[in-house]
Structures are given as C-alpha cells and as structure tokens.
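In our numbering, the protein residues as written are 4 to 550. Each remark here refers to the structure printed beneath this line.
Listed below in structure tokens is the structure:
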C-alpha cells in the first residue's frame, strides 16, 4: 500500500511517501523552493515540488498512489492537484501520528502542543486546537483530551492570535522582543537568549495565564496585558538597557513554558499511568523544556519526532493512513527511527555542481578522507559536510551540517559572525559518540534528533567551550554507527587526534535560508560564506584563493 502524506499549515509544507508501513521519502517544501518555511508562496504552492520529489524518489506517478492523506489545517491549494482523492484528518492527529508511529514504544501517552491547529466550531465562535492528548497503542491513537482556544482578529502584525495557546504565548513574547517572523521563526532565538537573562519578570508573567487540571488558559485580555507590559519595560529601558530587558523577558517566558509543559506532562501521566511519552507540535522543538520532562515528571522515556513542527504532519498523515486506513496494526521497531529520508544524490550531481564553478574551487578525493577532514577540523577549519540523504526537521543531524572543533571558545564567535551571520548569543550544538556521551554530558539518554538540552559536566565545559551555552548546557545529538556510520567514523577519527569524541554541529545554511538540499545548494553556500572546506560525499572541495 502506497500512502502519500501532505503536511503543513499556512507554512512548513512538505510531503512524505510511505510504502507498506516503511517511510520511503520525506522532504520539506522549503528545501526545494529555497524559501524559509515555504512561507508566503501563495498560488505557487500548486506545483507542490515536495510531492514530485518523494514520488520521483520511489519511481512513482500520482496515479500510482493508493491513498492521499492531509491534515485539514493545510492550505487547500497544496492539495489541489488531488481533488476529492484527499482524506482529511485533524492537524493535531497528524502531529500525534508523526511521533507515535516513529517511536519505539508499543504503548504511550501522546501530547501535542503548538500555536494553533485545526479550526473547531464552538459556542464561543471560531476556535482552534491548542493542546491535545492521546492514548496510543496497538489499536491506534485514541483522544484523551482536546483543548481549543478562541481565535481573535488579526493584530497589527497581521497574525491571528489564539487564546489558551502555549505556543502563541511564546510567539507573542518573541515578537515583542524583536524576534518576529512567520510561523514562529523567532522562537529558537528566544530559547537561546533566555540563558542570558535573570528572573525579574518571572512573577509578573505568572499573572498572565492560569494552569489547572491539565489545562493552560490565557485570554485575549491577558495577552494584551502581557504585550503592554513588555512594551512598557522596553520603553523604560531605552537603548542602553534594552538588551538586558529582552534577555530577562526571554528568561521569563522560557521559565513559564517549562513550568506549563512539566505540569501538563505530570497531569497526563496521572491520567494514563504510562511510563512513556511521545511529543509533537511546534512547542516540542523547545529542547530545554523537553529535558525538564525527563528530570521532573514520572515519565521514564520520551520520544520526540525530529520533524515536530508543521512539516512533520506530512509524515504523520502518511503513517496514519497506513495504520488506520490500511488496516495495519502497530508493531514498534526496536531500532531508532531514521530521519535521513531525502534523495540520494550521486557522483554525477556532485560533479555537475562543481563543474559549474570550476574556476573558483579545487577538488580532490583523498584516499583517507575522514583522517584528512579530522586533521582540518583539529587545525581550526570550519567544514561544510554533505552526505547521503537529507534529514527531515529543522535540525541538522549530520548529513547537511557545518562541522568544527568544539574546543576553542572563539570558534562560536567565528562561525556566528563569518559563516552563519547571526546573533552572537546563539549557541551551537555538540554531536557526541554514544559510548562517550556520559563522560561529557549530564544524561546517558540517547538524543538522536537534537531535541534535548542537557547540562555539560562542569569539569568538561572548558574542554568543549564552543558548544557549552552561557548556562552550562548544550543541545546535544547522540551519534551511533547504526544511524549514521560515516559521521560516527569521523568522530572516531577526530577523537584519535584530539582525545575528544565531540564536534560542533550546526545546520548547513546561511542565516535566514533553509538547510541545503542538493550539491548545488551546498556549493553555493560554501562559496558565499567563510567556510574553509566542503565535503560532498567522497569529494573534498576548497576555494581558489582570490587574486
């Protein structure tokens, strides 16, 4: 059975193909259109490049698909080519399917948290999903609670605020402190800045929402009061004190989101008695809060799908179609879900991309490629790393990555300023070999998708200073030979040279552009930034020095 899943909302469009329960291919539209989050594409979405991509990878045409499933918060133009063939399901249900059906759990509690989901008509007028929980097991996903918030008129920023939404509260603060952008793009910046802030606004923000009996509530009036308070504090601070106020506000909203998520998880555990939890929705990308669940709730294991945001609903829609409509029961696989679901580019694709800029690059194919790259990294080079199939989700997981030595503290500033062209407070993530993880970080729980922030052990913080955040934490990724053998081998080569089984890893892209997808994307980014070298498969690329 071949199931095509269509995902997104008014942004983060994507497509996924599942054949007989196996994910064949998945990709976000932004990787192909080169428009971040595919936001604002409008009528051009009718082309749906991601659909052609995943079908082409399997050698199929549109008519070869047995079932098309999409979430009903998706801009309908994205599914227009399929007409009445589309089976529509709820937005939160597609999120829930994306995380449960990629988990190693036979049974679990499922929690979906985002800004807003499917529209729900109630006596209060137009409402939308905000927080939903499920019981999940061999018989499928069964709703436990579904909370909706009233949608109010668009504010001056042309967005539709939603009451009773944890995701919207975080986005509201992010926008007010200067991290705006469509689809909550500024949330990651707020999470990074929070580590630099203090507690002075924590008490005031506590008055702007309520939390009881597994339900988060925030009225329009409370949202207005929060916005006015933020604007007042920023105005009083003036230009000199503005950065400190912004950091303190980021700290406050991060504190409260962590508190809310922990309390909701505790409540859900009490209702289900399950030791295992699956998370999805945009709020599940808050990796600091995710770690608090393991630390402060009775849940013993947590799984978060790597594409936890709206693009992951394509994955969920396809898997839901297979398990719920294809009559297939759920049997978990013991091995971790592989996020590497993009196209495999061959030597011809690489050669074509390099031939187009042959006067600007030098190309070699070292016999000992990994040793050569490890030597460059140990010497301070910043390397673009392009391997195999691209990973799904917003985090680079070692196939479309920029890699560097994690030891010197100055490396963080160099990459932020010269390569990524982004704010200096934003941290970089470490990747670590699983066998050595507990020697450097305050958890031995495997973190395959970079969705938990854990403490760096105090005596190791100076040793890996470039990936240790201001509060002593790191958003780590556990690397295994089973999931990514070449990345594991590169880490081993670097460890033999330096004694450190860790590398700095960040997404292979310049600021405000999507992660690179093709060899041509990688070459373009390499030439437009201060990267020292590029590895495309087995090919090492450097720049011809400028005259």
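Note that the Cβ used here is the ideal one computed from N, Cα and C, for glycine as well.
Beta-carbon gap between residue i and residue j smaller than 7 Å
i, j, result
"residue 517", "residue 39", "yes"
"residue 71", "residue 88", "yes"
"residue 168", "residue 118", "yes"
"residue 319", "residue 97", "yes"
"residue 538", "residue 433", "no"
"residue 136", "residue 280", "no"
"residue 17", "residue 53", "yes"
"residue 386", "residue 406", "yes"
"residue 284", "residue 115", "yes"
"residue 326", "residue 333", "yes"
"residue 61", "residue 81", "no"
"residue 398", "residue 514", "no"
"residue 511", "residue 404", "yes"
"residue 555", "residue 317", "The displayed coordinates of the chain run from 4 to 550. Any statement about residue 555 would go beyond what the structure contains."
"residue 65", "residue 5", "no"
"residue 384", "residue 541", "no"
"residue 177", "residue 189", "yes"
"residue 522", "residue 395", "no"
"residue 381", "residue 501", "yes"
"residue 369", "residue 490", "no"
"residue 173", "residue 260", "yes"
"residue 121", "residue 75", "yes"
"residue 113", "residue 321", "no"
Sequence-distant residues of the same chain with beta carbon closer than 6 Å to residue i, five excluded per side
i, result
"residue 204", "251, 252 and 255"
"residue 161", "Caution is warranted here: a pLDDT of 48 is assigned to residue 161, below 50, making its placement in the model unreliable, and the coordinate value is therefore given only provisionally. Result list for residue 161: empty, nothing under 6 Å."
"residue 159", "With a pLDDT of only 49 at residue 159, under 50, the local geometry of the prediction cannot be trusted, and the value read off the model is given with reservation. Taken in chain order, the list of residues that qualify is empty."
"residue 389", "525 and 539"
"residue 258", "205"
"residue 487", "401"
"residue 105", "308 and 340"
"residue 545", "365 and 536"
Sequence-distant residues of the same chain with beta carbon closer than 7 Å to residue i, five excluded per side
i, result
"residue 232", "207"
"residue 496", "373, 374 and 377"
"residue 201", "251 and 254"
"residue 111", "103, 139, 277, 279, 280 and 281"
"residue 532", "422 and 513"
"residue 213", "220"
"residue 151", "123, 125, 130, 131, 132 and 133"
"residue 466", "410 and 503"
Residue-level contact to chain C via CB, residue i, 7 Å cutoff
i, result
"residue 138", "Reference to chain C is not applicable here, since this structure consists of a single protein chain."
Own chain residues within Cβ distance below 8 Å of residue i, not counting five before or after
i, result
"residue 245", "237"
"residue 175", "164, 226, 229 and 230"
"residue 392", "343, 344, 345, 346, 347 and 402"
"residue 548", "none"
"residue 437", "449, 481, 482 and 483"
Cβ separation of residue i and residue j, assumed to be a contact under 8 Å, to the nearest whole Å
i, j, result
"residue 507", "residue 409", "4 Å"
"residue 249", "residue 180", "4 Å"
"residue 247", "residue 485", "No, residue 247 and residue 485 are not in contact; Cβ-Cβ is about 45 Å, not under 8 Å."
"residue 166", "residue 149", "With a Cβ gap of about 15 Å, residue 166 and residue 149 do not count as contacting."
"residue 170", "residue 286", "5 Å"
In DSSP terms, what residue i is bridged to
i, result
"residue 218", "215"
"residue 480", "434"
"residue 446", "For residue 446, which the question treats as bridged, DSSP gives no partner whatsoever."
"residue 394", "343"
"residue 458", "476"
"residue 146", "137"
"residue 545", "365"
"residue 405", "387 and 509"
"residue 557", "No information on residue 557 is available, as it lies outside the stretch 4 to 550 that the chain covers here."
"residue 92", "74"
| request: Indicate whether the contact test is met: 3 or more Cβ pairs, each with one atom in the segment 472-490 and one in the segment 344-357, closer than 8 Å. | output: no
| request: Report yes or no: do three or more beta-carbon pairs, one from the segment 48-61 and one from the segment 25-36, lie closer than 8 Å? | output: yes
| said: Assess contact between the segment 443-462 and the segment 217-227, defined as three or more Cβ pairs (one per stretch) separated by less than 8 Å. Is contact present? | reply: no
| task | Decide if the segment 98-105 is in contact with the segment 305-317; the criterion is three or more beta carbon pairs, one per stretch, under 8 Å apart. | result | yes
| query | Would you say the segment 465-474 touches the segment 428-447, given that touching needs at least three Cβ pairs under 8 Å? | reply | yes
| query | Do the segment 259-277 and the segment 295-304 touch if we need at least three Cβ pairs shorter than 8 Å? | reply | yes
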